[in-house]
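If you're matching them up, the sequences are chains A and B in order. Each residue of the first sequence is one higher than the one before, starting from 1 at the first, in our numbering. Each residue of the second sequence is one higher than the one before, starting from 250 at the first, in our numbering. Backbone N, C-alpha and C fix where the C-beta goes; we use that ideal spot for every residue, glycine too.
Number of protein chains: 2
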Amino acid sequence: MNNPLLRKLSNFTRLSDEECNAVNDSTQDVREFAAREDVISQGDRTGGVKLLLEGFACRYKMLEDGRRQIVAYFVPGDLCDLRVFILKRMDHSIGAVAASKVASISPENILKLTHDYPTLTRALWWSTLVEEAIAREWIVNVGQRNALERMAHLFCELLYRFRAVGLNQGNSCTLPLTQVELAETLGLSSVHVNRTLQELRRQKLITLESGTLTIQDLDALKELSFFNPDYLHLDYSDGQPRGDEREGN
Amino acid sequence: MNNPLLRKLSNFTRLSDEECNAVNDSTQDVREFAAREDVISQGDRTGGVKLLLEGFACRYKMLEDGRRQIVAYFVPGDLCDLRVFILKRMDHSIGAVAASKVASISPENILKLTHDYPTLTRALWWSTLVEEAIAREWIVNVGQRNALERMAHLFCELLYRFRAVGLNQGNSCTLPLTQVELAETLGLSSVHVNRTLQELRRQKLITLESGTLTIQDLDALKELSFFNPDYLHLDYSDGQPRGDEREGN
DNA sequence: GAGGAGTGCTAACCCAGGTTGGTGAAGGCG
DNA sequence: CGCCTTCACCAACCTGGGTTAGCACTCCTC
């Protein structure tokens, strides 16, 4: 099971070989994107559903005066909204943060998959419901938490999500974000992101260097940020996800 | 067409009489809620999909230390996520802000409706995609805009949404929110909400008294808050929605 | 009709985080 | 090779918004 989408869905349900094959067959149309390249731009006509296979990407919106807010991250296995093609135009952009491989699934294939395989369909809906839950938690994050809590919460979430697709190495994961991008995610200035990072390092909670995040004290980080993984709806979300089983990919 | 859901969906597509009847038949199980009463509480088992028929409600999350963030508002015609029943437990609460009437649609009825009526199904997906788009815009709102812009943006959005279900009176609408609730929505303190409201009033942009919001200068409010209605995906979103045609409900 | 709760509103003070303007180190490139 | 860009990091200063602590009004309710 090298398809990260299947790996992710396995957190919700067990899929048959036939369903796995159907998914693999639908994700053959793959394109590569360089770091900082847009996968889809705001205003584009909506097309197929995108699936991130490798790399790291984000959803973002720009204000007219140039301010940018990142509203979601995509880790491998993440789909952009299953039914976007119902809308006429994208109201936001999707951009590769690191070099990425993205599969495009046509509306027809989505409709066929969801028509033919009810279990798979439930699993796909689960993944979009989780995506919505994450968006709500991000509102809480920027609305209620201070800088330190916000950043700690984001790091906890990302570790859990990388674990869910087996892309963690223990409490470490690849996180190729600049401090400016972190700032645009957390609604802070890049200067303050720097200050906050230093504080997290000073408290020996994390290290973040050359694109690798290591959480040195997950429990403390969770406590500090009021992190409760329920919103990720991982069936094993009991605080000790199984990601630890398979370190080093 | 007194069902606000049908009124809302008519912004996306034209539904047949049969489809309208099917919707009306499915929304017979109605319960009333008092202001400030929870419709669903965090941790509850997920049940049927809820449809707000009358009143005003919100989705909110609490942090362990008591901080509360409102992450969405429901105006009549809004559904809570079409497929919640796929998840096991609610990761947030839904509460009535004003006295409200809420219909509950069973998972079976949802599956039946979406199975039998493709046009209706598309319309329902449209409404959930819009809801997600609103959540993303709220992240931008708290992440990038300052207090004045934030509040102005919220008021613009609410006017557009009330218009979409015909519940505006020109540029006025019923908005039974306390300043504390506004604060919990915008990620501000109630004191600063008060200051910000006064500033908007001083600039002759809005009035808000005894539960009624009146936007005195919509264009200025939109410009101030960088409001772009595209994310609401109303087909007539050309800046002058048709809500004006039918004033006084 | 007195007490209490909820709400709008205000003033005074304060601090978290923004802003501006840097430095230095690492990498890409002509 | 020097030049340019990008990024992490830092210091000084400033401000938007938080905090605390009130007052006034309305609406309950006993």
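Roughly how far, in whole angstroms, is the beta-carbon of residue i from the beta-carbon of residue j, given that I think they are within contact range, below 8 Å?
i: B/A306; j: B/F334; result: No, B/A306 and B/F334 are not in contact; Cβ-Cβ is about 19 Å, not under 8 Å.
i: B/L362; j: B/L369; result: 6 Å
i: B/L301; j: B/S349; result: 6 Å
i: B/D396; j: B/T445; result: A quick correction: the sequence has Ala, not Asp, at residue 396 of chain B. B/A396 to B/T445, Cβ: 5 Å. Contact.
i: B/L336; j: A/H153; result: Not confirmed; about 21 Å, so no contact.
i: A/I139; j: B/I388; result: 6 Å
i: A/L159; j: A/I215; result: 6 Å
i: A/R136; j: B/H341; result: 6 Å
i: B/I343; j: B/K299; result: 7 Å
i: A/G143; j: B/Q393; result: No, A/G143 and B/Q393 are not in contact; Cβ-Cβ is about 13 Å, not under 8 Å.
i: A/A34; j: A/Y117; result: Going by Cβ atoms, the distance from A/A34 to A/Y117 rounds to 34 Å, so no, they are not a contact pair.
i: A/E32; j: B/E381; result: Wrong, their Cβ atoms sit about 27 Å apart, outside the cutoff.
i: B/L424; j: B/G460; result: 6 Å
Can you name the start and end residues of the beta strand (DSSP E) that residue i belongs to?
i: A/R31; result: 30-33
i: B/L457; result: 455-458
i: A/S250; result: Here chain A comprises residues numbered 1 to 249, so residue 250 of chain A is not present and cannot be evaluated.
i: B/V320; result: 317-323
With respect to the alpha helix (DSSP H) encompassing residue i, which residues constitute its N-terminal and C-terminal limits?
i: A/V143; result: Note that residue 143 of chain A is Gly in the sequence shown here, rather than Val. 118-144 is the span of the alpha helix (DSSP H), which, as asked, contains A/G143.
i: A/Q198; result: 190-202
i: A/T185; result: 179-186
i: B/K350; result: Segment 349-354 is the beta strand (DSSP E) holding B/K350; no alpha helix (DSSP H) there.
i: A/R163; result: 147-164
i: B/R338; result: No alpha helix (DSSP H) contains B/R338, which DSSP labels as neither H nor E.
i: B/L462; result: Here B/L462 belongs to no alpha helix (DSSP H); instead the beta strand (DSSP E) covers 461-464.
i: A/P4; result: 4-9
i: B/G467; result: The question names Gly, but residue 467 of chain B in the sequence shown is Leu. It spans 467-474 - the alpha helix (DSSP H) in which B/L467 sits, taken as one unbroken run.
Measuring straight from C-alpha to C-alpha, what distance separates residue i and residue j?
i: A/S41; j: A/E184; result: 17 Å
i: A/F12; j: A/A123; result: 6 Å
i: B/R399; j: B/L328; result: 25 Å
i: B/P478; j: A/R202; result: 44 Å
i: B/D466; j: B/Y480; result: 21 Å
i: B/I354; j: B/P253; result: 15 Å
i: B/Q277; j: B/A352; result: 7 Å
i: B/F476; j: A/V180; result: 24 Å
i: A/M62; j: A/L213; result: 27 Å
i: B/D274; j: A/S189; result: 52 Å
i: A/N2; j: A/D65; result: 42 Å
i: A/Q198; j: A/E209; result: 12 Å
i: B/S259; j: B/E268; result: 12 Å
i: A/L82; j: B/W375; result: 12 Å
i: A/P241; j: B/M339; result: With a pLDDT of only 42 at A/P241, under 50, the local geometry of the prediction cannot be trusted, and no value is derived from it.
i: A/I134; j: B/C422; result: 31 Å
i: B/G436; j: B/Y309; result: 12 Å
i: A/R258; j: A/A98; result: This structure gives no information on residue 258 of chain A, because the portion of chain A shown stretches from 1 to 249.
i: A/F155; j: B/N390; result: 22 Å
i: B/V440; j: B/E406; result: 23 Å
i: B/D287; j: B/A345; result: 6 Å
i: B/P356; j: B/T295; result: 10 Å
i: B/L264; j: B/A321; result: 27 Å
i: A/D44; j: B/D484; result: 16 Å
i: A/K222; j: A/N171; result: 13 Å
i: A/R36; j: A/S225; result: 29 Å
Give a single yes or no on whether residue i has its beta carbon closer than 6 Å to a heavy atom of the ligand GDP.
i: B/M311; result: The model on display carries no ligand, and the ligand GDP is accordingly not part of it.
Inside the segment 262-315 of chain B only - alpha helix (DSSP H) runs reaching at least 4 residues: 266-275
Residues, ordered as in the chain, of the segment 379-396 of chain B that lie near chain A by beta-carbon distance below 7 Å: E381, A382, A384, R385, W387, I388, V389, V391, G392, Q393
Closer than 7 Å, Cβ to any Cβ of chain A: which residues of the segment 472-486 of chain B, in chain order? F475, D479, Y480, H482
Which residues of the segment 325-346 of chain B have a Cβ closer than 8 Å to any Cβ of chain A? Give them in chain order. D330, R332, V333, I335, L336, K337, R338, D340, H341
Note down, in chain order, all residues in the segment 256-278 of chain B with a beta-carbon under 8 Å from any beta-carbon belonging to chain A. none
Residues from the segment 359-377 of chain B in contact with chain A, defined by Cβ distance under 7 Å: R371, W374, W375
Identify each residue in the segment 420-449 of chain B for which the Cβ-Cβ distance to at least one residue of chain A is less than 7 Å, and report them in chain order. G436
Members of the segment 294-316 of chain B near chain A, C-beta cut-off 8 Å: R308, K310, L312, E313, D314, R316
Beta carbons nearer than 9 Å to chain B: which residues of the segment 28-42 of chain A have them? Q42
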